[in-house]
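Trainee: Have a look at this one before I ask anything.
The following block contains the structure:
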């Protein structure tokens, strides 16, 4: 059997993935999706220890990676910052050196500060997967979103996709823009001026000022979660105003019933989305979650194959 | 092999269980008790994902369900409210929709508010098991208590059972009264007037004012945990007075050495019970805990068989 | 096959282990180290339930025991104090009685108060392993440190080992002194007078006042973690002064490049150790962590064999 590998044995930001890498991941995710049965395990990560190191609260991403890693027969080390030695002032790098010395070779890291996954990758023999770092990136969300579009609409190249909401602070937006560009989609942004990035042209996107125009133009709309803290920092006048101008509601669907709507969750219903939109079958929120498991299985599997040749930190220590 | 099923594929309150259901559960619990070996798994829940969603602190109930589900080969998602996205303001229903989209089909739920399990059952294709909701019910405690009486005394129909202590606020009492009535026991309550329910007659129980009379009458006494918060709300004059009038001590056992004493734990020793009573072999506190594992295995197994025919949420999503 | 057992079926302090016990553990740890493969399990603890009861925050020790117990096919109950019923005022003993009633037979306990493991051992039919109690002992750290010296230097008898830093408050120091003495090493202590124990002579150690002399004398130096709280209690003038007089830096290694340096972690870099010392290959910090897994596997395995004959708490309850 041919060994399918990625360009790089880690995933720090979406630009680590070439178009070819992306399709390898989607192909493998398709395979897992066809063949997955709860309780039956693939052995892609047999002999690997995966650390789930979440320094920010998380339900969906952590459980998704956990189910994915388990389903590939990995051993799992799971820890939250608060219950670890970090409360004794141990540095993150020390914590990583410690778990590396216990044989961990894949690190799934979420952290409130941008760049922590990169820093850790530079200081380990293992592989780091970025599960969300500050306002920087959340590349596996980008992966699962692209996978969802392909499975829903058959292709992604040339598709018109508009991202709506708080682009400026969104690591999800950053990862999606990169991956959608790599895959040849047309990307637009629609947001209040205070929540737009400063140099959108460098991102190869168009700006659509008005939500009605955006929805008319787009085949897929991705709404983003609005961080309620943004209110207080003066970037938005009121939630009500945001909801009136940038919230997606049942009226939009009445005008365009085949609109494909995505959201990374958790949704602030009444703010980004009206709860009633869930009646439309093209609202993909649940499906995105399901796809997340398979895309993460695919990523973990391919990273395992790509890093396989590398030295195992645990093995090293036995040779002393 | 015949497929044994329950009347309903979920357990929200004790009235969901008919007498026939109860004996099916006890029969299966007996089977597991005879055949259980730590480390050898039954495959009753192979292919199921069980979420342990505990929104209140818990040692015994959570570990008990965890051991039970593992011993039946289920995959387990375990999460506490505080470390989940709920701290980001995600609604409980959203959290459930998310884990449902990852394939969870059985939800074991403990929550501080009465009615949450019912609400969730109404909004999922899976099965909810109530592991304690507010002051409403804790039906698996009722199950394990009844199972303990049957195993200890050979039968439960016609037995005289008195529940002592803070009936008013106790979800354990509510579940026990329902199940004991269904099984044909005679049930009495003994408590200070401020801790009795308002309409005990509707519950088909008798009231015994005096603890000495209660112990003389009863074959089994169930003491309840007194919530220390009750003191502060003015429902009790002092702990000392409660203990003097409603605490069970060694004197009661000297007068009636064959008294069977139960308590759902954790015990406030010195308040509901004198620590010395543990010298008597008919004090069932530890045994109740052990039985809890087997009764929960039985319940999970039968719910799995009952819901088997239903659509799997995960499977649904694959068909899109 | 002969059954290798220890003198005692538990480990509360290092004096529970004879010289013969220690070499049995190291021999078994060597075996596991040669034969370990992530994902392949030994069955030494098949049928056992191991509770990891950590009442203090911990990364390295908890994950190390968890990996060790899993690799021996044990079932694991993991709980932290804060998320358990202990927040309802349940006593520790009650918690242990509860998990004992669910079949737990090995308890790995870390607690902020000295003597808790002893108290629990006196009240259970199972086996307690002390994973650190107050300022008393941390015997498995002593085990893994001795194992590291033997593997690094070929032997330990007659070796000169100096422990540097806050001896007075260190449970690690107490366990190391006991085990190193049992194994026939020469032990010295080097610390500011306020951080030395009161009667070092009873401990069979020599005192070396000056760090330079200590390093010249020793073949192995064990630095200890300085608890920052010590500052505030007036036992140390400033951190800077401690670091100047008792911190180990690159100069020490330039003068003695073959110095073997150990530290139990987490390190306060800049205080006990200069970060640059990590360039030297005889700095064993990571290796100690790796050895911790195998030494704990060995200990768990041998305790399992030693206690095997004893009654199983779970089994007992079935006989009622």
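Residue numbers (my numbering), protein chains in the order written: chain A, -5 to 314; chain B, -5 to 314; chain C, -5 to 314. Using N, Cα and C, we set each Cβ at its ideal position, and we do this for glycine too. Computed from a prediction, not measured in an experiment: that's the story for all the values here.
Listed from N- to C-terminal order along the chain, which residues in the segment 41 to 63 of chain B have their beta-carbon within a distance smaller than 7 Å of any beta-carbon of chain C?
Mentor: Of all residues in the segment 41 to 63 of chain B, 51, 52, 53, 54, 57, 58 and 61 have a Cβ within less than 7 Å of some Cβ in chain C.
Trainee: For residue 256(C) and chain B, any beta-carbon pair shorter than 9 Å?
Mentor: For the purposes of this step, residue 256(C) is identified with residue 262 of the third chain, where counting begins at 1. False, the Cβ-Cβ gap to chain B never drops below 9 Å.
Trainee: Going by alpha carbons, who is nearest to residue 14(B) out of 262(B), 2(B) and 193(B)?
Mentor: Here residue 14(B) refers to the residue found at position 20 of the second chain. It is 2(B).
Trainee: Would DSSP call residue 214(C) helix, strand or coil?
Mentor: By 1-based counting over the third chain, the position of residue 214(C) is 220. DSSP places residue 214(C) in strand when its eight states are reduced to three.
Trainee: Could you please tell me which residues of the segment 85 to 102 of chain B, in chain order, have their CB closer than 7 Å to any CB of chain A?
Mentor: Listed by position, the residues of the segment 85 to 102 of chain B near chain A (Cβ gap below 7 Å) are 88, 89, 91, 92, 93, 95, 96 and 97.
Trainee: What are the boundary residues of the beta strand (DSSP E) that residue 46(B) is part of?
Mentor: Sequence index remark: in the second chain, residue 46(B) carries index 52 (1-based). It spans 43 to 48 - the beta strand (DSSP E) in which residue 46(B) sits, taken as one unbroken run.
Trainee: Which residues in the same chain as residue 59(A) place their Cβ atom closer than 7 Å to its Cβ, once the five residues preceding and following it in sequence are excluded?
Mentor: Position 65 of the first chain, counting from 1, holds the residue named residue 59(A). Cβ neighbours of residue 59(A) beyond the five flanking positions: 46, 102, 125 and 290.
Trainee: So is residue 31(C) buried or exposed if we call it buried at 16+ other beta carbons inside 10 Å?
Mentor: Within the third chain, residue 31(C) is the residue found at index 37, counting from 1. Label assigned to residue 31(C): exposed.
Trainee: Taking the C-alpha atoms as reference points, what is the distance between residue 35(B) and residue 295(B)?
Mentor: Counted from its first residue, the second chain places residue 35(B) at position 41. Counted from its first residue, the second chain places residue 295(B) at position 301. Rounded to the nearest angstrom, the two C-alpha atoms are 12 Å apart.
Trainee: With 7 Å as the limit, tell me which residues of the segment 12 to 38 of chain C have their beta carbon closer than that to any beta carbon of chain A; keep them in chain order.
Mentor: Taking 7 Å as the Cβ-Cβ cut-off against chain A, the residues of the segment 12 to 38 of chain C that qualify are 27, 31, 32 and 33.
Trainee: If you drop the 5 nearest sequence neighbours on each side, which residues of the same chain put their C-beta closer than 7 Å to that of residue 205(C)?
Mentor: Against the third chain, residue 205(C) aligns to sequence position 211. 158, 184, 239 and 240.
Trainee: Please state whether DSSP places residue 74(A) in a helix, a strand or coil.
Mentor: The sequence position of residue 74(A) within the first chain is 80, counting from 1. In this structure, residue 74(A) counts as strand in the three-state DSSP scheme.
Trainee: Residue 235(C) versus chain B: which residues are under 7 Å apart at the beta carbon?
Mentor: Against the third chain, residue 235(C) aligns to sequence position 241. In chain order: nothing, as chain B lies at least about 41 Å away.
Trainee: So what does residue 182(A) bridge to, in DSSP terms?
Mentor: Stepping through the first chain from its first residue, residue 182(A) is reached at position 188. Answer is 156(A) and 200(A).
Trainee: Check whether chain A comes within 9 Å of residue 1(B), counting only Cβ atoms and requiring the distance to be less than that.
Mentor: On the second chain, residue 1(B) is found 7 positions in, with the first residue counted as 1. Answer no: the Cβ-Cβ gap between residue 1(B) and chain A never drops below 9 Å.
Trainee: How about the segment 273 to 293 of chain C and the segment 172 to 188 of chain C: do they share at least three Cβ pairs that are nearer than 8 Å?
Mentor: They do not touch, by the three-pair rule.
Trainee: Following the continuous alpha helix (DSSP H) through residue 102(C), name the residue where it begins and the one where it ends.
Mentor: Within the third chain, numbered from 1, the residue matching residue 102(C) stands at position 108. Element bounds for residue 102(C): not the alpha helix (DSSP H) but the beta strand (DSSP E), 100 to 105.
Trainee: Are the beta-carbon atoms of residue 251(C) and residue 274(C) separated by less than 9 Å?
Mentor: Within the third chain, the letter at position 257 stands for residue 251(C). Within the third chain, the letter at position 280 stands for residue 274(C). Yes.
Trainee: Tell me whether residue 136(C) sits in a helix, a strand or coil according to DSSP, three-state version.
Mentor: In the third chain, the residue the question calls residue 136(C) occupies position 142. Three-state result, residue 136(C): helix.
Trainee: In terms of residue numbering, what span does the beta strand (DSSP E) encompassing residue 51(A) cover?
Mentor: Indexing the first chain from 1 puts residue 51(A) at position 57. It is not in any beta strand (DSSP E) - residue 51(A) carries neither H nor E in the DSSP assignment.
Trainee: Does the beta carbon of residue 303(C) come closer than 9 Å to any beta carbon on chain B?
Mentor: Translated into positions along the third chain, residue 303(C) becomes position 309. Residue placement at residue 303(C) is flagged as unreliable, the pLDDT there being 45, under the threshold of 50; the coordinate-derived value follows with that caveat. So no, residue 303(C) is outside the interface.
Trainee: Find the residues of chain B that neighbour residue 71(C), judging by a C-beta separation of less than 9 Å, and give them in chain order.
Mentor: As a first step, residue 71(C) is located in the third chain; it is residue number 77 there, counting from the start. Chain B residues near residue 71(C): 57, 60 and 61.
Trainee: Starting from residue 93(B), trace the alpha helix (DSSP H) both ways and give me its first and last residue.
Mentor: As a working mapping, residue 93(B) is identified with position 99 in the second chain. 86 to 95 is the extent of the alpha helix (DSSP H) around residue 93(B).
Trainee: What do you get for residue 188(B), buried or exposed, if any count of 16 or more other CB atoms within 10 angstroms of its CB means buried?
Mentor: Reading the second chain from its first residue, position 194 is the one you call residue 188(B). Burial call: exposed.
Trainee: So, helix, strand or coil for residue -2(C), using DSSP?
Mentor: Residue -2(C) sits at position 4 when you count from the first residue of the third chain. It is coil, neither helix nor strand.
Trainee: So what does DSSP say about residue 299(A), is it helix, strand or coil?
Mentor: Position 305 of the first chain, counting from 1, holds the residue named residue 299(A). Three-state result, residue 299(A): helix.
Trainee: Is it true that the CB of residue 20(B) sits closer than 9 Å to the CB of residue 292(B)?
Mentor: Walking along the second chain from the start, residue 292(B) turns up at place 298. Walking along the second chain from the start, residue 20(B) turns up at place 26. The answer is yes: Cβ separation under 9 Å.
Trainee: Let me confirm a value: residue -3(A) is counted as buried when at least 16 other C-beta atoms fall within 10 Å, else exposed. Which label applies?
Mentor: Taking the first residue of the first chain as position 1, residue -3(A) is located at position 3. Flag for residue -3(A) reads exposed.
Trainee: Which residues in chain C sit within 7 Å of residue 107(A), going by Cβ to Cβ distance?
Mentor: Locating residue 107(A) in the first chain gives position 113, where the first residue counts as 1. Within 7 Å Cβ-Cβ: nothing; residue 107(A) doesn't reach chain C, min ~19 Å.
Trainee: Consider the Cβ of residue 67(B): report whether some Cβ of chain A lies at a distance smaller than 9 Å.
Mentor: As a first step, residue 67(B) is located in the second chain; it is residue number 73 there, counting from the start. Yes, residue 67(B) lies at the interface with chain A (some Cβ there is under 9 Å from its Cβ).
Trainee: Just to confirm, is the Cβ distance from residue 5(C) to residue 97(A) under 9 Å?
Mentor: Position 11 of the third chain holds residue 5(C). Position 103 of the first chain holds residue 97(A). No, the Cβ-Cβ distance between residue 5(C) and residue 97(A) is not below 9 Å.
Trainee: Helix, strand or coil for residue 263(C)? Go by DSSP, reduced to three states.
Mentor: Within the third chain, residue 263(C) is the residue found at index 269, counting from 1. Reduced to three states, the DSSP call for residue 263(C) is strand.
Trainee: If you draw a straight line from the C-alpha of residue 17(C) to the C-alpha of residue 133(C), how long is it?
Mentor: Sequence index remark: in the third chain, residue 17(C) carries index 23 (1-based). Sequence index remark: in the third chain, residue 133(C) carries index 139 (1-based). Cα to Cα, residue 17(C) sits roughly 15 Å from residue 133(C).
Trainee: Output the distance between the C-alpha atoms of residue -1(B) and residue 120(B), rounded to the nearest integer angstrom.
Mentor: Against the second chain, residue -1(B) aligns to sequence position 5. Against the second chain, residue 120(B) aligns to sequence position 126. In a straight line, the C-alpha of residue -1(B) is about 16 Å away from that of residue 120(B).
Trainee: For the alpha helix (DSSP H) containing residue 23(C), name the first residue and the last one.
Mentor: What you label residue 23(C) is simply residue 29 of the third chain in a count that begins at 1. Per DSSP, residue 23(C) belongs to the alpha helix (DSSP H) from 13 to 29.
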